[in-house]
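The structure under discussion appears below in the form of structure tokens.
Residue numbers (full-length UniProt numbering): 1 to 410.
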């Protein structure tokens, strides 16, 4: 990542806080959480032909979750008005509206209330900014009256042996989750791919008697590919339909990831189903975890809600790919140009476990893209990204027609 020269600015203590505003915080708590299967139940799952490579990737994913569970960057307590131009523009971020989501468990954002802010870098302007800690670290308990505006999630978290690759992977994941949310909320299936691009085999089943898979192009950012692989099992009522998404600037890289990721997700869902055997009889309005939403929608009883995929236009995918890069820095520069009108916030979360292994950890936030949410009462339905993308792809926007079912993703 390019070096950034930041001039020191004097910080004024916010109302209600005495002394130096620069409070360095690192607090974790296990209190107050429901007895649900851990959101890390899929962390450390890896599918790879080479055993050593698989073990390495499993360890990296586990370390990634550890890094995302605690903050090591500079953190302070303030309200947005007191921070001034050091604070990110929260109007870009997805927050809930009690008008559109009156039963939400979250609070509406207020620039006058206190919350924790974490030091980050905005890539487009190459400037230091502070963003709410809740958008970065998992398990961020509500300690101040301005917190509770979102539900921490791992989207955009990435580890790699250098910052550039870590940032790239984080950006791709944010774009992937944008596609997941928009595909489902708008019931827009993209385009069904009828050929096998690059002669890749996308069938996760041993034979056609057991089930089938269908491939869709659901890209939401021009020039960046996102694919959806839908797997339909014919003989498992609990895990009947599963979706997997993958994003990359190189379509072959995204497609190669899909099959092994889908298999990993199915394995994770099988394990999670042991903790939630009666999920289909629960009220999905109370769902707060990825396991609940994914398992509920995977059940055979909910297959009718996937019927909008049948309306997708069929295409033969063009395998020609023109964008090649000499190195990761060139790739990142190009990605930034594709996102030139969108802020990209990067938070360094490289902790002890990362340093011991010579790797870097970052959390990427692109607030103008639609977030994925498994807290069903807080799906950020008024975020302007939904309306803009709906008009772009469907020609209209109708809030009442947004998908009311939980996300079928795990």
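For every residue, glycine included, the Cβ atom is placed at its ideal position computed from N, Cα and C.
Can you list, in chain order, the residues of its chain whose CB lies under 6 angstroms from that of residue i, leaving out five sequence neighbours each side?
i, result
"residue 188", "393"
"residue 212", "232"
"residue 200", "255"
"residue 32", "Bear in mind that a pLDDT of 39 at residue 32, under 50, signals an unreliable position, so the number given afterwards is only what the model happens to contain. If we look at residue 32 and ignore the five residues flanking it on each side, it has no Cβ neighbours."
"residue 306", "241"
"residue 38", "Only weak support exists for where residue 38 lies, its pLDDT of 41 falling under 50; the coordinates are left without a value."
"residue 203", "213"
"residue 88", "129, 131"
"residue 186", "390"
"residue 237", "300"
Starting from residue i, trace the alpha helix (DSSP H) both ways and give me its first and last residue.
i, result
"residue 434", "Residue numbering for the chain in the displayed model covers 1 to 410; residue 434 lies beyond these limits and cannot be assessed."
"residue 124", "Unbroken run through residue 124: none, as it is neither H nor E."
"residue 292", "290 to 298"
Near residue i, which residues of its chain fall below 7 angstroms by C-beta distance, leaving aside the five closest residues on each side in sequence?
i, result
"residue 142", "148"
"residue 35", "With a pLDDT of only 40 at residue 35, under the threshold of 50, the placement of this residue in the model should not be trusted; the figure read from the coordinates follows. For residue 35, where only same-chain residues beyond five positions count, there are no Cβ hits under 7 angstroms."
"residue 301", "280"
"residue 257", "246"
"residue 160", "166, 169, 359, 360"
"residue 262", "204, 229, 231, 242, 244"
"residue 332", "164, 167, 168"
"residue 96", "104, 106, 108, 378, 380"
Quick one: what does DSSP say residue i is sitting in, helix, strand or coil?
i, result
"residue 382", "coil"
"residue 309", "helix"
"residue 177", "helix"
"residue 243", "strand"
"residue 365", "strand"
"residue 76", "strand"
"residue 346", "strand"
"residue 158", "strand"
"residue 282", "coil"
"residue 90", "helix"
"residue 277", "coil"
"residue 394", "helix"
"residue 222", "coil"
"residue 111", "coil"
"residue 97", "coil"
"residue 229", "strand"
"residue 354", "helix"
"residue 412", "As displayed, the chain neither begins before 1 nor continues past 410, which places residue 412 out of reach and without an answer."
"residue 165", "helix"
"residue 387", "helix"
Do you know how far the Cα of residue j is from the Cα of residue i?
i, j, result
"residue 377", "residue 138", "19 angstroms"
"residue 404", "residue 190", "19 angstroms"
"residue 196", "residue 171", "27 angstroms"
"residue 246", "residue 265", "12 angstroms"
"residue 401", "residue 380", "15 angstroms"
"residue 468", "residue 209", "Any question about residue 468 goes unanswered here, given that the chain covers just 1 to 410."
"residue 84", "residue 311", "48 angstroms"
"residue 52", "residue 390", "44 angstroms"
"residue 286", "residue 324", "46 angstroms"
"residue 79", "residue 124", "24 angstroms"
"residue 145", "residue 77", "11 angstroms"
"residue 127", "residue 359", "24 angstroms"
"residue 343", "residue 234", "44 angstroms"
"residue 422", "residue 327", "Beyond the ends of the chain as shown, which are 1 and 410, falls residue 422; an answer cannot be given."
"residue 54", "residue 291", "23 angstroms"
"residue 194", "residue 309", "13 angstroms"
"residue 114", "residue 259", "44 angstroms"
"residue 269", "residue 122", "36 angstroms"
"residue 345", "residue 132", "11 angstroms"
"residue 70", "residue 136", "9 angstroms"
"residue 388", "residue 356", "44 angstroms"
"residue 289", "residue 369", "21 angstroms"
"residue 367", "residue 338", "15 angstroms"
"residue 320", "residue 184", "28 angstroms"
"residue 349", "residue 207", "44 angstroms"
"residue 294", "residue 106", "22 angstroms"
Mind checking whether residue i and residue j have CB atoms under 8 angstroms apart?
i, j, result
"residue 216", "residue 251", "no"
"residue 335", "residue 182", "no"
"residue 299", "residue 316", "no"
"residue 164", "residue 351", "no"
"residue 354", "residue 63", "yes"
"residue 220", "residue 175", "yes"
"residue 314", "residue 116", "no"
Once the 5 residues before and after residue i are set aside, which same chain residues still bring their CB inside 8 angstroms of it?
i, result
"residue 173", "155, 156, 157, 158, 247, 364"
"residue 98", "104, 108"
"residue 373", "151, 153, 181, 379, 380, 407"
Determine the extent of the beta strand (DSSP E) in which residue i is found, giving its start and end residues.
i, result
"residue 56", "Here residue 56 belongs to no beta strand (DSSP E); instead the alpha helix (DSSP H) covers 51 to 68."
"residue 212", "211 to 217"
"residue 330", "First-last for residue 330: 328 to 338, but that is the alpha helix (DSSP H), not the beta strand (DSSP E)."
"residue 377", "Premise fails: residue 377 is in no beta strand (DSSP E) and is neither H nor E."
"residue 192", "191 to 193"
Check whether the Cβ of residue i lies closer than 7 angstroms to any heavy atom of the ligand GDP, and answer yes or no.
i, result
"residue 122", "Looking at this structure, you won't find the ligand GDP or any other ligand, since it has none at all."
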